[in-house]
Structure formats: C-alpha cells, structure tokens
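Here's the structure, in structure tokens; my notes come after.
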Amino acid sequence: MNRLTCYQIRDQAPRLAAAPGDRSWMDATAKRGAYRCIPLTIANAMGWELLSPARVTAEWNGGGELGDITITIDDPAWGGDKLATSHFGYGILTFSTGYLFRTDLGIGVWARGTPNRPKDGIAPLDGIIETDWLPFTFTMNWQFTRPGRVTFERDEPFCFLTLLAYRALEEVQPEIVPIGSDSQLSAQHQAWRTARLGFIDRLAKNEAETVRQGWQKFYVRGDGNPSGTAPSATHTSKVKLAEPIRRESSASAGPNSVVTGITAQLPEDASQP
Numbered sequence: 148m149n150r151l152t153c154y155q156i157r158d159q160a161p162r163l164a165a166a167p168g169d170r171s172w173m174d175a176t177a178k179r180g181a182y183r184c185i186p187l188t189i190a191n192a193m194g195w196e197l198l199s200p201a202r203v204t205a206e207w208n209g210g211g212e213l214g215d216i217t218i219t220i221d222d223p224a225w226g227g228d229k230l231a232t233s234h235f236g237y238g239i240l241t242f243s244t245g246y247l248f249r250t251d252l253g254i255g256v257w258a259r260g261t262p263n264r265p266k267d268g269i270a271p272l273d274g275i276i277e278t279d280w281l282p283f284t285f286t287m288n289w290q291f292t293r294p295g296r297v298t299f300e301r302d303e304p305f306c307f308l309t310l311l312a313y314r315a316l317e318e319v320q321p322e323i324v325p326i327g328s329d330s331q332l333s334a335q336h337q338a339w340r341t342a343r344l345g346f347i348d349r350l351a352k353n354e355a356e357t358v359r360q361g362w363q364k365f366y367v368r369g370d371g372n373p374s375g376t377a378p379s380a381t382h383t384s385k386v387k388l389a390e391p392i393r394r395e396s397s398a399s400a401g402p403n404s405v406v407t408g409i410t411a412q413l414p415e416d417a418s419q420p
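Here the numbering used here is used: the first residue of the sequence shown is 148, the next is one more, and so on.
Written out as structure tokens, the structure reads:
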C-alpha cells in the first residue's frame, strides 16, 4: 500500500492535502484534553483531504427532486458541474473530486467525510471504490439531515481519502471468546482495570499527586502500564502523511510513492497504523 496516483482531469482541481490531526472543537476542550485520546487524533490524520476551492452554499427544501436543492458558489470559475451539483435528488449534495484515482492491486479508496469533524444539517455518505482498476471517476456525496441551508467554506474539506485493502476483511473470521480463556491476557486486563479505577478514585478525592499528574499516559507512551505488557513494534501516538507533490507523469514515480498528478514520497513511518 504505497501508491496513490491522482490524475487531474481538468485544468484546475481542488487542492489535495494531508489531513491534520487537530480539530477546532478539540482545541476548545479544557486544557485541550480531547487530544489525550490517541485513537481519536490518529484517526483525524489517517488520510488526505480534498479542500473546497470556493465557498459553497446549498439549501434543501425537503423535496426529492434535483431542483429541490439550490446551490450557490461564490467563485464563477467553479460553477456548473465543476465542484458541487444536485445530481441524485433526495437531499443529496454531490461534489466532484477533479481527479481519477488509481492505487496498487487490491487497494481501494475509502471516500468519506473528515473523521471527527461533524457538520450540522448534513452528513457524509461513505463509499469504497476499487481504484486499482477503475478508469473513471467517483463523486463525494453528502445528504441533508433536515431541510435547511449548509455552507462549505473555501478550504474546508469535503472529502477524506483513506486507502484500504478492500478484500482483506473477507478473510477475517470474528470470534467471541471469554476473556478467562486466556489467563495472561485476563490478568493484564485486570491489572489495568484496577489501576484505572484507583486513579479515578484518587482524582475524585483531589489527591495532590494524582491531580498533578492529570491523566494516565499508558496508551501514549506505550510503556509503563500496570499490566507490564510491551507495546507493538508499530505503536505510534502521532501520524503525519506525505503531502502531494506535482509530477508531469506517473511513470516517473518511484515504487514507494503517493502520486497526485502530482506525487509525494512517503516518509518511512507513514504506513504505520
């Protein structure tokens, strides 16, 4: 999973950028405490975003016809079907990506809304696309959750791209097993649970050292946890993907590259979960 080729199909296309790990609502939490949730912040940055090149305002009256959505784009250069349209009806707003995406064999694109960035009044519709063979494009769609008006500001992401082995999950057989069947894992879990409950109790009692510590950093550090479990070799507390760079031909891209008409060399740790 080391290639994403984004063939630009028009003279101009929305900007593609590595997704940032921050969110405005997370910044606003007390002491930016939301960033303590490492799974949340990693998910924030696990992909690339397509950014709106213009301000798009869409209003839906609740009807099912194409004309029941009114779309206003503040830059005439992005009018017509170049950016946002009413294509399906039923309160669905459709964005054109401006690219034809190609990936390695067995790898597809998961197109969705930006993770952990809720938008009032409208919700993203996810799609998994077999970009390892398709010679045509796809659209990013959002569905109004109620009649009303929504706005996508200039440089606001309207599509989030994550790569995945789209057939791999078919080989997975989920199993439900009593935790007691693995004595070592059960003991490790109990040690963590005891430490966690004890910490919460001391915090509620305003014990000075616990208050000073503020929170347990077992997941962030990947070590020092009460169970004594060593972290995976792939453990990470932060992810930063490669920014796209432009190339005239995908043939010039190396075997370990992200391409967008455009290509970017992946940093060594970019593929870590």
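We treat Cβ as the ideally placed atom computed from N, Cα and C, and that holds for glycine.
Since this is a predicted model, take the numbers as computed values, not measurements.
Where does residue i fall in DSSP's three states?
i, result
"Thr-357", "helix"
"Arg-249", "strand"
"Trp-280", "coil"
"Ile-275", "strand"
"Thr-381", "coil"
"Tyr-237", "coil"
"Ile-323", "coil"
"Gly-255", "strand"
"Ser-399", "Note on Ser-399: pLDDT 46, under 50, position unreliable in the model; the coordinate value appears next. Three-state result, Ser-399: helix."
"Pro-223", "helix"
"Ala-164", "strand"
"Leu-308", "strand"
Looking only at its chain, what residues have a beta carbon closer than 6 angstroms to the beta carbon of residue i, apart from the 5 residues adjacent to it on each side?
i, result
"Pro-304", "Glu-196, Leu-198, Thr-261"
"Thr-217", "Glu-206"
"Thr-284", "Leu-247"
"Gly-209", "Pro-294"
"Ile-156", "Leu-247"
"His-234", "Thr-241"
"Arg-259", "Pro-271, Asp-273, Phe-307"
"Met-148", "Ile-254, Leu-310"
Please report the residue range of the beta strand (DSSP E) in which residue i lies.
i, result
"Met-287", "286 to 291"
"Leu-316", "That residue, Leu-316, is in no beta strand (DSSP E); it is neither H nor E in DSSP."
"Trp-172", "First-last for Trp-172: 171 to 174, but that is the alpha helix (DSSP H), not the beta strand (DSSP E)."
"Thr-219", "216 to 220"
"Trp-195", "195 to 198"
"Ala-160", "Here Ala-160 belongs to no beta strand (DSSP E), and DSSP marks it neither H nor E."
"Ala-205", "203 to 207"
"Gly-295", "295 to 299"
"Leu-151", "151 to 155"
Name the two residues that bound the continuous alpha helix (DSSP H) containing residue i.
i, result
"Phe-346", "330 to 351"
"Ile-392", "That residue, Ile-392, is in no alpha helix (DSSP H); it is neither H nor E in DSSP."
"Leu-187", "185 to 191"
Starting from the C-beta of residue i, find all residues in its chain whose C-beta is less than 8 angstroms away, skip the five residues before and the five after it, and write them out in chain order.
i, result
"Pro-167", "Asn-191, Ala-192"
"Asp-158", "none"
"Pro-424", "With the chain running from 148 to 420 in the structure shown, residue 424 is simply not present."
My assumption, with CB atoms under 8 angstroms, is that residue i sits in contact with residue j. Please give the rounded CB distance.
i, j, result
"Gly-268", "Phe-291", "6 angstroms"
"Leu-230", "Ala-201", "6 angstroms"
"Gly-211", "Gly-236", "5 angstroms"
"Arg-170", "Arg-264", "6 angstroms"
"Asp-222", "Ser-243", "With 8 angstroms as the limit, Asp-222 and Ser-243 do not qualify as a contact, their Cβ atoms being about 14 angstroms apart."
"Thr-188", "Arg-296", "That belief does not hold up - the Cβ atoms of Thr-188 and Arg-296 are roughly 31 angstroms apart, past 8 angstroms."
Residues in the same chain with beta-carbon distance under 7 angstroms from residue i, minus the five sequence neighbours each way, listed in chain order, please.
i, result
"Gly-226", "Ile-220"
"Ala-164", "Trp-195, Glu-196, Leu-198, Glu-390"
"Ala-160", "Gly-245, Tyr-246"
State whether the stretch 299 to 315 contacts the stretch 234 to 254, with contact taken as three or more CB pairs (one from each stretch) at a distance under 8 angstroms. yes
If contact is defined by three or more beta carbon pairs under 8 angstroms, each pair taking one atom from either stretch, is the stretch 331 to 343 in contact with the stretch 271 to 289? no
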